[in-house]
Structures are given as structure tokens and as C-alpha cells.
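Notes for the one structure printed next.
Residue numbers (this note's numbering): 11 to 141.
As C-alpha cells, this is what we get:
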């Protein structure tokens, strides 16, 4: 299982780049060139980030993309959810309510604890922390 996939990696790089653009609209061609990201892939990820209100995008003259939120409020978990939905460490019956042993299963308790720690750390890590 990969937590930080190519979409997440590129998204973080794009968001960090936009922070440095000081809230001005920036064209995706320039970002793609500067960050060495394939333009088609960049457009795909910016579409998802815009759909989830992390970016604002405008087409045409004077258009481009810019952050829609304060970088202090964007956390890594937000970005992961855009592309992968809710984070789950494991998908098995150990974590489901159908398991008859859930009240005393030690593995379930450990997995829930680890998942919670990961989510907590990624939620606390803001975009501004990694710039």
C-alpha cells in the first residue's frame, strides 16, 4: 500500500509552488515547466484540487490557478482524501463490525491505534510545515 502516490506528491509540490506565488493566478504551463510535471497530469490533479475547493481555477486570458485556502489550513490528510478518499490502514473483517471477536481482538485494537496515529499526524502536518 502506498500512502504518498504520484498524485499526492505532485499535488504537494504544486501547492507549495502556489504558496510562493503570493495569491496570484499562475498558468499551469509555467508550473508544469518549472516543476517538471507532465502538463496533462498537472491538469488532472488541479481539476481534483479545484473540485475539492483547495484551488481556484479560471480558464482564458488572465486565468490560471491559485490557492483557495490559507496554506495554514491545508493539511496533508486533506490532500490524501482528495485522491484516495478516507484513509484506511487495512480493509478486512478485523476492522468491520461483522467480526464476532471485535471486543477482545488484540490485532484490531493495534490496527485502530496505528491508523489513528497516522491520521492524526497527517492532519496536524500543514502545508506551511513542509515549505
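In this text, a Cβ means the ideal position worked out from N, Cα and C, and glycines have one as well. Remember, predicted model here, so these are calculated numbers, not experimental data.
In this structure, residue 36 lies away from residue 52, with their beta-carbon atoms at least 8 Å apart.
Bounds of the beta strand (DSSP E) holding residue 65 are 65-68. A contact is defined here as three or more CB-CB pairs under 8 Å, and the stretch 68-87 meets this definition with respect to the stretch 122-141.
Taken through DSSP and simplified to helix, strand or coil, residue 45 comes out as helix. In the three-state DSSP reduction, residue 122 falls in the helix class (H, G or I). In terms of Cα proximity to residue 128, the closest of 92, 50, 23, 87 is 87. Assignment of beta-bridge partners to residue 85 by DSSP yields 136. Annotated three-state conformation of residue 15 is coil, per DSSP. The Cβ atoms of residue 58 and residue 92 lie closer than 8 Å to each other. By a beta-carbon distance limit of 8 Å, residue 75 does not contact residue 99. Their separation comes to about 32 Å. A direct Cα-Cα distance of roughly 10 Å separates residue 17 from residue 23. If you look at residue 75, you'll find it in the beta strand (DSSP E) that goes 74-77.
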